[in-house]
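Report on the structure given below.
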Amino acid sequence: MRYVLPPMHTLRTFEALSRLRNFTVTAEELHLTASAVSHQIRAMESFYATKLFQRNRHDVSLTPAGEKLLEVIQGFLQQLSSVGESLRSQDSRRLSVTAPPSLVSRWLMPRLGSFLREHPDIDFKLHATPTLIDLDAEQADFAIRYGDGNWPGLRSEKLFNEHIFPVASPEYATQKKLHKSSKLEACTLLRDDFQSWERWAEQTGESVDASAWGPIFSDSALLLQAAEAGHGVALGRSVLVADAIATGALVRIGKQAITAPGAYYLVSPTRRIESAPATVFRHWLMEIANP
1482 MRYVLPPMHT
1492 LRTFEALSRL
1502 RNFTVTAEEL
1512 HLTASAVSHQ
1522 IRAMESFYAT
1532 KLFQRNRHDV
1542 SLTPAGEKLL
1552 EVIQGFLQQL
1562 SSVGESLRSQ
1572 DSRRLSVTAP
1582 PSLVSRWLMP
1592 RLGSFLREHP
1602 DIDFKLHATP
1612 TLIDLDAEQA
1622 DFAIRYGDGN
1632 WPGLRSEKLF
1642 NEHIFPVASP
1652 EYATQKKLHK
1662 SSKLEACTLL
1672 RDDFQSWERW
1682 AEQTGESVDA
1692 SAWGPIFSDS
1702 ALLLQAAEAG
1712 HGVALGRSVL
1722 VADAIATGAL
1732 VRIGKQAITA
1742 PGAYYLVSPT
1752 RRIESAPATV
1762 FRHWLMEIAN
1772 P
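Using this note's numbering, you'd call the opening residue of the sequence shown number 1482 and step up by one each time.
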């Protein structure tokens, strides 16, 4: 049988806009832009050759055609969600987690072995990505995210705050005599896209010379690898540099530190029933994050 259907991703957007009645709020819930939401709705209206929403000054409302379509789509999405929950419950040992690559390589990976050894029966999947993926669409149980803890449709549990301070390899610190002075005038200042030396200087009152700017790295883990290799001084995030400082691969420069603008959170969909492996992982992660 041939089914004539609109693009499947537009159905969820249509349902969300029907419920929230605002393009911006809908975009925030779905992790889209308002223009993307508007484009998807126009695509649906083009597909059905009828107007589905009445655009008002501050919100939108459904037309009679939209009301009729919503009743069908809500039932379809609910049935699809229920079937998905049923199928996932059959694979009760599956566990999927997503996290930023820098946190995975510098903090999570060195600790993950203990969890995997203790729970060899869990079918574990780790997806390292800087993108805020849709946990429902990707069928992920958890994401570790950096921010203020407020993501619509997700429950958040804080793992840890971060502090930022300069770090360098022991050899570089000795070469630049940074053990005796925390002054950075003669140093190459390594950079990434996460924090800026300007913000550091503004909050600490330390002098930073723009002529000392070094290379920029797109990922904090790469930045710290460059510092470990002796290429200069980096602004290290406390969680990401803790192991390197403990092993002597990096040393902290000076005593100044600033508080990072966000924190790391473990997030999961509010509408999903937590599986047994997910509960085990959540308890394990909270314990190692707050020893």
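Using N, Cα and C, we set each Cβ at its ideal position, and we do this for glycine too.
Problem - Own chain partners of Gln1571 with C-beta closer than 8 Å, once the 5 adjacent residues on each side are dropped - result: Residue numbering aside, residue 1571 sits at position 90 when the sequence shown is read from its first letter. Since pLDDT at Gln1571 reaches only 48, below the 50 mark, its modelled position is unreliable, and the value read off the structure follows with that caveat. Once the five neighbours on either side are set aside, Gln1571 has no close Cβ partner at all.
Exercise for the section: Quick one: give me the first and last residue of the beta strand (DSSP E) that Leu1716 is part of. Expected result: Along the sequence shown, read from residue 1 onward, the residue named residue 1716 stands at position 235. Unbroken beta strand (DSSP E) run through Leu1716: 1715-1718.
Practice task
Can you give me the start and stop residues for the beta strand (DSSP E) that His1644 sits inside?
Solution key: In the sequence shown, the residue the question calls residue 1644 occupies position 163. Taken as a continuous stretch (DSSP letters only), the beta strand (DSSP E) holding His1644 covers 1635-1649.
Practice task
State the start and end residues of the unbroken beta strand (DSSP E) segment that holds Val1541.
Solution key: The residue labelled residue 1541 in the question sits at position 60 within the sequence shown. Residues 1541-1543.
Practice task
Kindly indicate which three-state DSSP category Asp1617 falls into: helix, strand or coil?
Solution key: Your numbering for residue 1617 matches position 136 in the sequence shown. Asp1617: helix per DSSP, three-state reduction.
Practice task
Compare the C-alpha of Glu1496 against each of Val1485, Tyr1484, Met1525, Arg1483 and name the closest.
Solution key: As a first step, residue 1496 is located in the sequence shown; it is residue number 15 there, counting from the start. Among Val1485, Tyr1484, Met1525, Arg1483, the Cα nearest to that of Glu1496 is on Met1525.
Practice task
Taking 8 Å as the cut-off, decide whether the C-beta atoms of Leu1501 and Ala1759 are in contact.
Solution key: On the sequence shown, residue 1501 is found 20 positions in, with the first residue counted as 1. On the sequence shown, residue 1759 is found 278 positions in, with the first residue counted as 1. No, they are not a contact pair.
Exercise for the section: Could you tell me whether the Cβ atoms of Ile1726 and Leu1659 are closer together than 8 Å? Expected result: The count along the sequence shown starts at 1 and reaches residue 1726 at position 245. The count along the sequence shown starts at 1 and reaches residue 1659 at position 178. Not closer than 8 Å, so no.
Problem - His1660 - DSSP class collapsed to helix/strand/coil - result: The residue you call residue 1660 lines up with position 179 of the sequence shown. His1660 falls in the coil class under three-state DSSP.
Exercise for the section: Would you grab the beta carbon distance between Pro1582 and Ala1707 for me? Rounded to a whole angstrom, and I think it's under 8 Å. Expected result: Walking along the sequence shown from the start, residue 1582 turns up at place 101. Walking along the sequence shown from the start, residue 1707 turns up at place 226. About 15 Å separates the two Cβ atoms, so there is no contact after all.
Handout entry: Environment of Ala1459 [buried if 16+ CB atoms lie within 10 Å]
Key = This structure gives no information on residue 1459, because the portion of the chain shown stretches from 1482 to 1772.
Handout entry: Check whether Gly1713 and Tyr1653 have beta carbons under 8 Å apart
Key = Reading the sequence shown from its first residue, position 232 is the one you call residue 1713. Reading the sequence shown from its first residue, position 172 is the one you call residue 1653. Going by C-beta atoms, Gly1713 is nearer than 8 Å to Tyr1653.
Practice task
Use the C-beta contact count for Asp1622: other C-beta atoms within 10 angstroms, 16 or more gives buried, fewer gives exposed.
Solution key: On the sequence shown, position 141 is the one that residue 1622 refers to. Its Cβ being crowded by 16 or more others within 10 Å, Asp1622 is buried.
Problem - Segment contact, 8 Å Cβ cut-off, at least three pairs: the stretch 1513-1531 with the stretch 1553-1564 - result: Using a C-beta cut-off of 8 Å, the stretch 1513-1531 makes no contact with the stretch 1553-1564, since fewer than three inter-stretch Cβ pairs fall below that distance.
Exercise for the section: Give, in chain order, every unbroken run of the beta strand (DSSP E) that is at least 3 residues long and sits entirely within the stretch 1515-1554. Expected result: 1534-1536, 1541-1543
Exercise for the section: Classify Asp1724 as helix, strand or coil using the three-state DSSP reduction. Expected result: Taking the sequence shown and counting its residues from 1, one reaches residue 1724 at position 243. Helix, per DSSP.
Practice task
Just tell me which of Ser1637, Ile1645, Pro1545, Tyr1529 has its CA closest to the CA of Gln1535.
Solution key: As a working note, residue 1535 is residue 54 in the sequence shown. Cα-wise, what sits closest to Gln1535 is Pro1545.
Practice task
Would you list the one or two residues that DSSP bridges to Ile1739?
Solution key: For the purposes of this step, residue 1739 is identified with residue 258 of the sequence shown, where counting begins at 1. Ile1739 is bridged to Ile1645.
Practice task
Take the Cβ of Pro1601 as the centre, count every other Cβ of all protein chains shown within 10 Å, and call the residue buried at 16 or more, exposed below.
Solution key: In the sequence shown, counting from the first residue as 1, residue 1601 sits at position 120. So Pro1601 ends up on the exposed side.
Practice task
Tell whether a beta-carbon distance below 8 Å holds between Leu1498 and Val1485.
Solution key: Locating residue 1498 in the sequence shown gives position 17, where the first residue counts as 1. Locating residue 1485 in the sequence shown gives position 4, where the first residue counts as 1. Their beta carbons are not under 8 Å apart, which means Leu1498 does not touch Val1485 by this criterion.
Handout entry: Where Ala1693 sits in the DSSP three-state scheme
Key = Numbered from 1 along the sequence shown, position 212 holds the residue referred to as residue 1693. DSSP places Ala1693 in helix when its eight states are reduced to three.
Exercise for the section: With a threshold of 16 other CB atoms inside 10 Å of the CB of Val1553, please say whether the residue is buried or exposed. Expected result: Start at 1 with the first residue of the sequence shown, and residue 1553 comes out as number 72. Flag for Val1553 reads exposed.
Practice task
Look at Glu1643 and Ser1719 and say whether their C-beta atoms are less than 8 Å apart.
Solution key: Within the sequence shown, the letter at position 162 stands for residue 1643. Within the sequence shown, the letter at position 238 stands for residue 1719. The Cβ atoms of Glu1643 and Ser1719 sit closer than 8 Å to each other.
Problem - Beta-carbon proximity list for Leu1492, same chain, < 6 Å, skipping 5 on both sides - result: In the sequence shown, residue 1492 corresponds to position 11, counting from 1. Ile1554, listed in sequence order.
Exercise for the section: Have a look at Ile1697 and Leu1766 and give me their C-alpha separation to the nearest angstrom. Expected result: Counted from its first residue, the sequence shown places residue 1697 at position 216. Counted from its first residue, the sequence shown places residue 1766 at position 285. Those two C-alpha atoms are separated by around 31 Å.
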